[in-house]
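Enquirer:
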DNA sequence: CAGGTTCTGTACAGATCCATCCAATACTCG
DNA sequence: CGAGTATTGGATGGATCTGTACAGAACCTG
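Chains as they are written, first to last, in the working numbering: chain Z, 932 to 1130; chain S, 932 to 1130.
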């Protein structure tokens, strides 16, 4: 073998993910990706084939990074069903304020951004997002069913309906954050949503 | 005066709005706008100055078109507070399925799409969207306060908090629709959200 | 009908975009 | 240490993008 890479592929992927996350797919040029990753064009194309492929990998990585902690929260048998959802909402608020753009405004959630900007035109992105959605709905159902059993979640509606409601609420919180809502507003949205879940 | 236009400016604006709505700002080229409106470049630039200006006008028109019927619903004194919100949700579902792309998939809501794709980079678009948000929150508060008085809306939380929750729910429904949710799912999300508003 | 003005289609300019090519470099392995 | 290979930077290609320039057609007004 020969000359090894001088950069870390995973770090580069993270940087690219961040760029797509903050600016969207179309508005992120390959030049931007070079600057974000610190790599030259050759290194990028040599490693990631194309802008589209790089995006696909960045999105997959984003989903992977986000879903593990969510799964941990939603499957946490120590907590009641309602507490798991509350914790998930709290985490959503936190991540929304942990990751901000250069100007301090919210960059939202790459999955939501991709659904809105790209999913209609990009079947691969749509498939990734759909897979993530199915997984998350499954985890939500687990938590909600646990809540129905432990009495913290209403039995008025079935777990699948509630799961889709919780998922939509998270999406709504992320859009609200990008529209300028501050932390207190996001928390009040989450608190209000929990009212719909109580017995 | 001299040669009059052979096209209707408002119709052209509607067509451009539809194009931006379906494909987003960046992914809609001036060529696309020519084809969507049926106009030549000269006519477009002569009438609308630039792509960005055309987008601004298209967004303003979208907001104008959407807000009037919403205001009518939310200020309808014939209905209880809760019924007004229910009607707003129903309208949201309907519009989501009235306006679909060529492939039949949802194109969402131009306002939400703009918040996600553009608001961070485009102060003018952000201002339009923010103005619309303020207006809608005001209308929602009116309906929710009416509901608190007529006993159909909880007094557990203040009207502003509930307004932001309802607004987030609508955003979440729109994102869900773009992610592939069908009508029944959207309706169940709306029904569940209403549970949080009841006394 | 003629004069003046606006509209419209085509061509073009300049920038930018994604991607590739190639030579020079830097490293590993025999 | 030398041969071979992968990486790297920079130049380059071809396509597309936004916006402009210009000439001729179309129309209103007097």
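We put the beta carbon where it would ideally sit given N, CA and C, even for glycine.
Buried or exposed: which applies to residue 953 of chain S, given that a residue is buried once 16 or more other Cβ atoms fall within 10 Å of its Cβ?
Expert: If you number the second chain from 1, residue 953 of chain S lands on position 22. Its Cβ being crowded by 16 or more others within 10 Å, residue 953 of chain S is buried.
Enquirer: Comparing C-alpha positions only, which one of Z:1015, Z:986, Z:990 and Z:1011 sits nearest to residue 1000 of chain Z?
Expert: By one-based count along the first chain, residue 1000 of chain Z stands at place 69. Ranking Z:1015, Z:986, Z:990 and Z:1011 by Cα distance to residue 1000 of chain Z puts Z:1015 first.
Enquirer: Closer than 9 Å, CB to CB, is residue 1107 of chain Z near chain S or not?
Expert: Along the first chain, one-based indexing puts residue 1107 of chain Z at 176. At least one chain S Cβ lies under 9 Å of residue 1107 of chain Z.
Enquirer: Between S:1037, S:1089, S:1120 and S:1071, which has its C-alpha nearest residue 1006 of chain S's C-alpha?
Expert: Your numbering for residue 1006 of chain S matches position 75 in the second chain. With distances taken between Cα atoms, residue 1006 of chain S lies closest to S:1071.
Enquirer: For residue 1122 of chain S and chain Z, any beta-carbon pair shorter than 9 Å?
Expert: Your numbering for residue 1122 of chain S matches position 191 in the second chain. Residue 1122 of chain S counts as touching chain Z.
Enquirer: Let me know if residue 995 of chain S comes out buried or exposed under the rule of 16 or more other beta-carbons within 10 Å of its beta-carbon.
Expert: On the second chain, residue 995 of chain S is found 64 positions in, with the first residue counted as 1. Looking at its Cβ environment, which holds fewer than 16 other Cβ atoms inside 10 Å, residue 995 of chain S is exposed.
Enquirer: Taking the alpha carbon of residue 948 of chain Z as the reference point, which residue from Z:936, Z:1038 and Z:1020 has its own alpha carbon closest?
Expert: On the first chain, position 17 is the one that residue 948 of chain Z refers to. Looking at the Cα atoms, Z:1038 is the closest of the given residues.
Enquirer: Taking the straight line between their C-alpha atoms, what separation do you get for residue 987 of chain Z and residue 933 of chain S?
Expert: One-based indexing of the first chain puts residue 987 of chain Z at position 56. One-based indexing of the second chain puts residue 933 of chain S at position 2. So the alpha carbons of these two residues sit roughly 54 Å apart.
Enquirer: Can you name, in chain order, every residue of its own chain whose Cβ lies under 7 Å from the Cβ of residue 1090 of chain Z, other than the five neighbours on each side?
Expert: Numbered from 1 along the first chain, position 159 holds the residue referred to as residue 1090 of chain Z. Result list for residue 1090 of chain Z: 1072, 1075, 1076 and 1079, in chain order.
Enquirer: How far does the alpha helix (DSSP H) with residue 956 of chain Z in it reach, from first residue to last?
Expert: Mapped onto the first chain, residue 956 of chain Z falls at position 25. Premise fails: residue 956 of chain Z is in no alpha helix (DSSP H) and is neither H nor E.
Enquirer: Is it true that the region 1011-1027 of chain Z meets the region 1109-1128 of chain Z, where meeting means three or more beta-carbon pairs spaced less than 8 Å apart?
Expert: Yes: the two stretches touch, three or more of their Cβ pairs being nearer than 8 Å.
Enquirer: If we define contact as Cβ-Cβ less than 9 Å, is residue 1084 of chain S a contact residue for chain Z?
Expert: For this step, residue 1084 of chain S is matched to residue 153 along the second chain. False, the Cβ-Cβ gap to chain Z never drops below 9 Å.
Enquirer: Along chain S, in chain order, which residues have C-beta atoms closer than 7 Å to that of residue 1093 of chain Z?
Expert: Here residue 1093 of chain Z refers to the residue found at position 162 of the first chain. Those within 7 Å of residue 1093 of chain Z in chain S are 1123.
Enquirer: Please list the partners that residue 1096 of chain Z has in chain S, where partner means a Cβ-to-Cβ separation under 8 Å.
Expert: The residue labelled residue 1096 of chain Z in the question sits at position 165 within the first chain. 1119, 1120, 1123 and 1124, listed in chain order.
Enquirer: By the criterion of Cβ-Cβ separation under 8 Å, what are the contact partners of residue 1061 of chain S in chain Z?
Expert: Sequence index remark: in the second chain, residue 1061 of chain S carries index 130 (1-based). Neighbours of residue 1061 of chain S on chain Z, chain order: 1110 and 1111.
Enquirer: Unbroken alpha helix (DSSP H) runs of length 4 or more, entirely within the region 1052-1105 of chain Z: which are they?
Expert: Correct list: 1054-1081.
Enquirer: What does a CB cutoff of less than 7 Å around residue 951 of chain Z pick up in its chain, not counting 5 residues either side in sequence?
Expert: Start at 1 with the first residue of the first chain, and residue 951 of chain Z comes out as number 20. Taken in chain order, the residues that qualify are 959, 986, 989 and 1041.
Enquirer: Tell me, to the nearest whole angstrom, how far the beta carbon of residue 1049 of chain Z is from that of residue 1056 of chain Z; I am working on the premise that it is less than 8 Å.
Expert: Position 118 of the first chain, counting from 1, holds the residue named residue 1049 of chain Z. Position 125 of the first chain, counting from 1, holds the residue named residue 1056 of chain Z. Right, their Cβ atoms sit about 5 Å apart.
Enquirer: Along chain S, which residues have their Cβ under 7 Å away from the Cβ of residue 1039 of chain Z?
Expert: If you number the first chain from 1, residue 1039 of chain Z lands on position 108. Correct list: 1047.
Enquirer: Would a C-beta distance cut-off of 9 Å place residue 936 of chain Z and residue 978 of chain Z closer than the cut-off?
Expert: For the purposes of this step, residue 936 of chain Z is taken as the residue at position 5 of the first chain. For the purposes of this step, residue 978 of chain Z is taken as the residue at position 47 of the first chain. Yes; because the gap between Cβ atoms is below 9 Å, this pair is in contact.
Enquirer: Using a Cβ cut-off of 7 Å, pull out every chain S residue sitting near residue 970 of chain Z, in sequence order please.
Expert: Translated into the one-based positions of the first chain, residue 970 of chain Z becomes position 39. The premise fails here: residue 970 of chain Z is roughly 23 Å from chain S at the closest Cβ pair, so nothing lies under 7 Å.
Enquirer: Keeping to the same chain, check which residues put their C-beta closer than 7 Å to that of residue 1111 of chain S; ignore five residues upstream and five downstream.
Expert: By one-based count along the second chain, residue 1111 of chain S stands at place 180. No residues qualify anywhere along the chain.
Enquirer: Please classify residue 1129 of chain Z: is it buried, with 16 or more other beta-carbons within 10 angstroms of its beta-carbon, or exposed?
Expert: Walking along the first chain from the start, residue 1129 of chain Z turns up at place 198. Looking at its Cβ environment, which holds fewer than 16 other Cβ atoms inside 10 Å, residue 1129 of chain Z is exposed.
Enquirer: Measuring straight from C-alpha to C-alpha, what distance separates residue 983 of chain S and residue 1053 of chain S?
Expert: By one-based count along the second chain, residue 983 of chain S stands at place 52. By one-based count along the second chain, residue 1053 of chain S stands at place 122. If I take the Cα positions, the gap works out to 10 Å.
Enquirer: What's the C-alpha gap between residue 975 of chain S and residue 1031 of chain S?
Expert: Sequence index remark: in the second chain, residue 975 of chain S carries index 44 (1-based). Sequence index remark: in the second chain, residue 1031 of chain S carries index 100 (1-based). Roughly 25 Å separates the two Cα atoms.
Enquirer: Do the CB positions of residue 1102 of chain S and residue 1102 of chain Z come within less than 9 Å of each other?
Expert: Here the question's residue 1102 of chain S lines up with position 171 in the second chain. Here the question's residue 1102 of chain Z lines up with position 171 in the first chain. Against a cut-off of 9 Å, the Cβ pair of residue 1102 of chain Z and residue 1102 of chain S comes out as a contact.
Enquirer: Could you have a look at residue 1107 of chain S and say whether DSSP puts it in helix, strand or coil?
Expert: Position 176 of the second chain, counted from the first residue, corresponds to residue 1107 of chain S. The answer is helix: DSSP assigns residue 1107 of chain S an H, G or I state.
Enquirer: Please tell me whether residue 997 of chain S and residue 1099 of chain Z are closer than 9 Å, where the distance is taken between their beta carbons.
Expert: Locating residue 997 of chain S in the second chain gives position 66, counting from the first residue. Locating residue 1099 of chain Z in the first chain gives position 168, counting from the first residue. No, they are not a contact pair.
Enquirer: Can you tell me whether residue 1114 of chain Z is helix, strand or coil according to DSSP?
Expert: The residue you call residue 1114 of chain Z lines up with position 183 of the first chain. Here residue 1114 of chain Z sits in helix by DSSP.
Enquirer: Going by alpha carbons, who is nearest to residue 1061 of chain Z out of S:1017, S:1028, S:1003 and S:1106?
Expert: Mapped onto the first chain, residue 1061 of chain Z falls at position 130. Of S:1017, S:1028, S:1003 and S:1106, the residue nearest in Cα terms is S:1106.
Enquirer: Mind pulling the alpha helix (DSSP H) runs of 4 or more residues that sit fully within the region 1016-1049 of chain Z?
Expert: As far as the region 1016-1049 of chain Z is concerned, its whole alpha helix (DSSP H) runs of at least 4 residues are 1041-1048.
Enquirer: Beta carbons nearer than 9 Å to chain Z: which residues of the region 991-1019 of chain S have them?
Expert: Correct list: empty, as no residue qualifies.
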